[in-house]
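In this note's numbering, the protein residues as written are 3 to 317. Positions of the beta carbon are idealized from the N, C-alpha and C atoms, including for glycine. The structure presented is a predicted model; accordingly, all values stated were derived computationally and were not measured.
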């Protein structure tokens, strides 16, 4: 089994990736948060900085591209090739309204856009000079649409197909459609990767029981909540102290990179929405973290959380 870190916009940038790779071994590959292409394929400096090889030393990183314009995809993938990347990932899964409203991400999966999607894929697979993997949801609002989507995707030489078995309209709510993923498992012509609701060792064990020949799993929110998950799956021993040092490294890294307390607090609050889930009785601490405007109060609250509560996955 290969283990991939899913791209989470705003959280899993290169600073986070480097810290995670330093403290928790076992990750085979990281995917960057999506790069939004513009006319000519030019990226924002922030997006370019995130995928620069010098900011990702020692990592197997695949940049992800978000667009519905083939020329822009080809320009951006060409830039990434110049940076040394041999593979890029096409985002057909982002459910954000600001993305889907422009027909990108999961918005490309609307049934009325199927012909446009086919033309787009024809263009990029004909002309791209890099390998292309795809991350997708199973449809816009009807899970059964995935049968037709998969039939289309099967006609292209996709390096690897990652399937998150929810529709766009489901966002991250409710149970994933394991039956739809089972259909992909049986009928995909391309190598397959699973993504969605892998948050514990038990979740992973059930996935393997259901799909014993699966080659890869991509984990996102589960790894932000429990950064030790893949290490533990591979038999590495982890400690609470190790998690504390990881957190401290993240904090110091962002403190050095961001100007002022407010941006730093905003960044750390985003992280704690996920990380707090891994602590016992964390509700009152998380509530205080969310409300505080003081960096001193924030640091005191986090330290108390580590001192007074236990990590659920180490109990």
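- DSSP places residue 84 inside the alpha helix (DSSP H), whose first and last residues are 72 to 84.
- DSSP, reduced to helix, strand and coil, places residue 236 outside both helices and strands of the structure shown, so it counts as coil.
- For residue 20, the enclosing alpha helix (DSSP H) covers residues 16 to 25.
- With a cut-off of 8 Å on Cβ pairs, the segment 20 to 36 is in contact with the segment 225 to 245, counting three or more such pairs.
- The continuous beta strand (DSSP E) containing residue 218 extends over residues 218 to 221.
- With a contact defined as Cβ atoms closer than 8 Å, residue 284 and residue 244 miss out at about 19 Å.
- Per DSSP, the continuous alpha helix (DSSP H) segment holding residue 307 begins and ends at 297 to 310.
- Judged by DSSP in its simplified three-state form, residue 88 adopts coil rather than helix or strand.
- Per DSSP, residue 68 lies in no alpha helix (DSSP H); the unbroken beta strand (DSSP E) holding it starts and ends at 66 to 68.
- Residue 151 places its beta carbon 9 Å or farther from that of residue 164.
- Every alpha helix (DSSP H) of 4 residues or more that sits fully in the segment 102 to 143 is shown, in chain order, as 116 to 129.
- The beta carbon of residue 16 lies closer than 7 Å to those of 52, 57, 58 in the same chain, with the five residues before and after it left out.
- In this structure the segment 290 to 306 lies against the segment 259 to 276, because at least three pairs of beta carbons, one per stretch, are closer than 8 Å.
- Relative to the Cα of residue 260, the nearest Cα in the group 89, 48, 40 belongs to 48.
- Between the beta-carbon of residue 200 and that of residue 209 there is about 6 Å, and that keeps the pair under the 8 Å contact cut.
- Short of 7 Å from the beta carbon of residue 307, and not among the five residues preceding or following it, lie these beta carbons of its own chain, in chain order: 281, 284, 287.
- When the five nearest sequence neighbours on each side are left out, the beta carbons in the same chain lying within less than 7 Å of the beta carbon of residue 55 are those of 85, 86, in order along the chain.
- Residue 107 is classed as buried because its beta carbon has at least 16 other beta carbons within 10 Å across all chains shown.
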